[in-house]
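Keeping their order, the protein sequence lines are chains A and B.
So the first sequence is numbered by the working numbering: it starts at 1 and just counts up by one.
So the second sequence is numbered by the working numbering: it starts at 1001 and just counts up by one.
Report on the following structure.
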Amino acid sequence: MEKYVSNIFFAVILVAGIGYFVMNVRKLIRNIKLGKDVDRSDRKPERWKNMAKIALGQYKMVRRPVSGILHVVVYVGFILINMEVLEIVIDGLFGTHRIFSKPLGSFYGFLIGNFEVLAFLVLVAVIIFWFRRNIEKVKRFWNKEMEGWPKNDGNIILYFEIVLMTLFLVMNATDTHFQEAGMGNVISQFIAPWFDGYSTEALHTIERTAWWLHIIGILAFLNYLYYSKHLHILLAFPNTYFANLKPKGQLTNLESVTNEVKMMMDPDADPYAMPADGAEEEVPEKFGASDVTDLNWVQLMNSYTCTECGRCTSSCPANLTGKKLSPRKIMMDTRDRLEEVGKNIDANEGEFKPDGKQLLDDYISREELWACTSCNACVQECPIGIDPLSIIMDMRRYLVMEESAAPQELNMMMTNIENNGAPWQYSQMDRLNWKDE
Amino acid sequence: MNVPTMADMMAQGKQPEVLFWVGAAGSYDDRAKKITRSFVKILHQANVDFAVLGTEESSTGDAAKRAGNEFLFQMQAMTNIEILNAYEVKTIVTCDPHSFNTFKNEYPSLGGNYKVYHHTQYINKLIADGRLTIEGENLKGKRLTYHDPCYLGRANDVYETPRDLIRRLGVKPTEMKRHKSTALCCGAGGAQMFKEPEKGDLDINVLRTKDALETNPEIIATGCPYCNTMMTDGVKFHLKEDQIVVKDIAELIAEANNL
């Protein structure tokens, strides 16, 4: 029995680690589904293509070459090195050691050799990332919304990666059989001499410790994702698949408004008609969005996908000129409020209990919303297809159509359009005067 | 200027090949009216059989929509669509990227289906069809930089057409560091044109004009009446109005062709 203690222990942490993650993923999906329906089931080939190009292919990352190329290194490293996890899991469950080394032969050495090179490159890239955030202080990591937790979160991710990659290399360096075989120890052979003079037992202990910490670290990282901005490593795929495919300039036409406008313009409509049966109890649909549940599920998924890189904010004309608006903050606020709503539901047995708060005002201020020029720079810049503009527009719709709370000058502009068909106070009869001037 | 209206045309039992949608700025704004007249001169030179709606034209509703007033937008859109469809309009050209965008993308699902051209696209088509040529001598060698209007560029991915026209002018074009999909907004979009900017430390048009000034231009070209206003104000802010002119591509073509 004692023989199997470590196998059992391994199985337990594996199941617990994956189980807890799955539980959070289900919560995540439930929260996203709190959003309104929007149909993104069309143009499937194009959607797959986008996912392949933008998420898998990192196509938009390299628009900014330095951070883009470093990111590709970490991304490729992350995916490939994690193939090693399969071996770790099998070894852990069955008490084997490097189960694939025999059947794969020299190919195993080739694989591990590549993983080692990648691990080293990831380590270098992550250290540069840390340097850019903390020493070089790249501006987009120092906007106001990054104070406190978001800033720490970004660094914690980097520390995680540094530790995991180091453990992987140390594990290989202290594996005496692996070093003696001399196959695939491309990087670790240079670390191995650091441990010269250690007894075989000590080496074995270090190797085992590194091995255990590595797998525990991976499971911890997996579970950290839900609480961090780092969910993009998973959500980038559905997010790019379900992203808007229409021209960026096209805003949706609200159907509920269309129905009312058609009624108003229909000369045969009877304004005194009795409402249809049951219509009295119907709550009229709210126009626009004042809270996360007024947004659609793609917008909510967007908020979980955002990794707070700030490319949007660093290209936003309003933000660049010192206005309060930051498209990244719009996404962070949406996610924070959605998490709050989700926790409220958890605490109240699956029912949301009104908490006197909403996305508007409690998270996103009116000043931010009115600073937007709808220029689409944020949408263009997002490397994984997030659309902050659509949220801003939905919230403006709420402000104007539910609260009549547009800035005074905009009210004047709209009154002019209603009265004389132009945003300025000119007579419609003067529309053609230019031809004779 | 000879500018027939759809009503005139209908009275004569004629159907023009294209409707020129002038837009509010092009109709009322003194600076933008010059763009309108330049474009009409080009249409005349190319013998295009066009008409305008004249006093029957009304706001597209775009600014109201971007301000959040979907009701007003759809009221405007449906009223316009009724008129356009009554005249059996098939093709629309406009000098305003905002009108272009809303006609092209937002009118169809409300029942307004038209072939929509921005004036730079239409001029390009006239050249491709052999109906118009650009002589290009007047502006030869001038240093020019082109500002991408958001609603033409990012909103609808039209980046090359205006540049194709600029290349025909014989000018020396230089790109700003932010151009095409990374171009900075002039500050007028999203109904900002009609309000004071929110609190900040700089006006957007001042920043954008600075981008342009870095290329040391004699001409800042654009394809939008609102961008034109913002860039003109920006040039004034930087006290460069004696050295730099802000011109619409239609005006430059009219100038090149001595119209």
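All C-beta atoms in this analysis are idealised placements derived from N, C-alpha and C, irrespective of residue type, glycine included.
A quick note: this is a predicted structure, and the numbers were derived from the prediction, not measured.
| query | Does DSSP put V74/A in a helix, a strand or coil? | reply | Helix.
| query | In angstroms, rounded to a whole number, what distance separates the CA positions of R431/A and G1130/B? | reply | Near 32 Å, if we compare the C-alpha coordinates of G1130/B and R431/A.
| query | Any C-beta of chain A sitting closer than 7 Å to the C-beta of Y1028/B? | reply | Closer than 7 Å: yes.
| request: Measure how close the beta-carbons of A1221/B and K1041/B come, nearest whole angstrom, since I'm counting them as under 8 Å. | output: Contact doesn't hold; Cβ gap of about 17 Å is too wide.
| query | Mind listing which residues of the segment 1169–1199 of chain B have their C-beta closer than 9 Å to chain A's C-betas, in chain order? | reply | So the close ones are R1178, S1181, T1182, A1183, L1184, C1185, C1186, G1187, A1188, G1189, G1190, A1191, Q1192, M1193, F1194, K1195, E1196, P1197, E1198, K1199.
| query | chain B beta carbons: is any one of them nearer than 7 Å to that of Y426/A? | reply | Output row for Y426/A: interface = yes.
| task | Can you tell me which of Q1192/B, E1135/B, E1056/B, T1079/B puts its alpha carbon nearest to the alpha carbon of R1168/B? | result | Among Q1192/B, E1135/B, E1056/B, T1079/B, the Cα nearest to that of R1168/B belongs to E1135/B.
| said: Is there a C-beta anywhere in chain B that falls below 7 Å from the one on K33/A? | reply: Not closer than 7 Å to any Cβ of chain B, the Cβ of K33/A fails to qualify, so no.
| Comparing alpha-carbon positions, which option in Q1243/B, G1189/B, F1194/B lies nearest A1212/B? | For the residues Q1243/B, G1189/B, F1194/B, the minimum Cα distance to A1212/B belongs to Q1243/B.
| field | Contacting positions in the segment 1047–1064 of chain B - beta carbon closer than 9 Å to chain A | value | If the cut-off is 9 Å between Cβ atoms, the segment 1047–1064 of chain B has V1052, L1053, G1054, T1055, E1056, E1057, S1058, S1059, G1061, A1063, A1064 near chain A.
| Is the distance from the Cβ of K323/A to the Cβ of E1196/B below 7 Å? | Pairing K323/A with E1196/B gives a Cβ-Cβ distance that is not under 7 Å.
| field | Neighbour list for F1103/B in chain A, Cβ cutoff strictly below 7 Å | value | Neighbours of F1103/B on chain A: none; closest Cβ ~11 Å, over 7 Å.
| said: I'd like the list of long-range same chain contacts for A55/A, defined as Cβ closer than 7 Å, with 5 residues on each side in sequence excluded. | reply: A236, F237, T240, I384.
| request: Taking 7 Å as the cut-off, decide whether the C-beta atoms of N253/A and S1059/B are in contact. | output: For N253/A and S1059/B, no; Cβs fall outside 7 Å.
| task | Would you mind telling me which residues of chain B sit closer than 7 Å to G249/A, beta carbon to beta carbon, in chain order? | result | Those are N1101, N1105, Y1151, A1155, N1156, listed as they occur along chain B.
| field | Any 3 or more C-beta pairs closer than 8 Å across the segment 257–271 of chain A and the segment 192–207 of chain A | value | With the rule of 3 Cβ pairs closer than 8 Å, the segment 257–271 of chain A does not count as touching the segment 192–207 of chain A.
| said: Determine, for E147/A, whether the minimum Cβ-Cβ distance to residues of chain B falls below 7 Å. | reply: Answer no: the Cβ-Cβ gap between E147/A and chain B never drops below 7 Å.
| message | Against chain B, with Cβ distances strictly below 7 Å, would V124/A count as a contact? | response | Closer than 7 Å: no.
| request: Name, please, each residue of chain B whose Cβ falls closer than 9 Å to the Cβ of G385/A. | output: Those within 9 Å of G385/A in chain B number zero; the least Cβ separation is about 14 Å.
| query | How is the beta strand (DSSP E) around Y1114/B delimited, first residue to last? | reply | No beta strand (DSSP E) contains Y1114/B, which DSSP labels as neither H nor E.
| request: In angstroms with no decimal places, state the Cα-to-Cα distance between P407/A and A125/A. | output: Cα-Cα distance, rounded: 47 Å.
| query | Whole alpha helix (DSSP H) runs in the segment 1079–1158 of chain B with 4 or more residues, listed along the chain? | reply | Taken in chain order, the unbroken stretches of alpha helix (DSSP H) that lie wholly in the segment 1079–1158 of chain B and span 4 residues or more are 1097–1101, 1119–1128.
| said: Does the segment 1081–1094 of chain B come into contact with the segment 1016–1032 of chain B, if we say contact requires no fewer than three beta-carbon pairs (one atom in each stretch) closer than 8 Å? | reply: Result yes; three or more Cβ-Cβ pairs closer than 8 Å.
| request: List the endpoints of the continuous beta strand (DSSP E) containing K27/A. | output: Counting along the chain, K27/A falls outside any beta strand (DSSP E), though it belongs to the alpha helix (DSSP H) covering 5–32.
| message | Is it the case that the segment 126–133 of chain A contacts the segment 151–166 of chain A, given that we only count it when at least three CB pairs across the two stretches are under 8 Å? | response | With the cut-off at 8 Å, the segment 151–166 of chain A and the segment 126–133 of chain A touch.
| task | Kindly indicate the opening and closing residues of the alpha helix (DSSP H) around D336/A. | result | Segment 327–347, the alpha helix (DSSP H) holding D336/A.
| Taking Cβ positions only, does K1125/B come closer than 7 Å to chain A? | No, K1125/B lies away from the interface with chain A (no Cβ there is under 7 Å from its Cβ).
| Can you tell which of I345/A, T307/A, F131/A has its C-alpha closest to the C-alpha of K353/A? | Looking from the CA of K353/A, the closest CA among I345/A, T307/A, F131/A belongs to I345/A.
| field | Residues bridged to V163/A [DSSP beta-bridge criterion] | value | V163/A is not bridged to any residue.
| query | Using the beta-carbon count (16 or more within 10 Å), is M1176/B buried or exposed? | reply | With 16 or more other Cβ atoms within 10 Å, it is buried.
| said: In the DSSP output, what is T1222/B paired with across the bridge? | reply: Beta-bridge annotation (DSSP): T1222/B is paired with D1248/B.
| field | CA-to-CA distance, L359/A to R337/A, given in whole angstroms | value | Their Cα atoms are separated by approximately 6 Å.
| request: Spell out whether any CB of chain B is found under 7 Å from the CB atom of P407/A. | output: Chain B, which has a Cβ nearer than 7 Å to the Cβ of P407/A, makes this yes.
| field | F100/A, DSSP secondary structure in three states | value | If DSSP states are grouped into helix, strand and coil, F100/A belongs with coil.
| query | Just how far apart, CA to CA, sit I218/A and E84/A? | reply | Here the alpha carbon of I218/A sits roughly 11 Å from the alpha carbon of E84/A.
| Applying the criterion that 16 or more other CB atoms from any shown protein chain within 10 Å of the CB defines a buried residue, is R1031/B buried or exposed? | That one is exposed.
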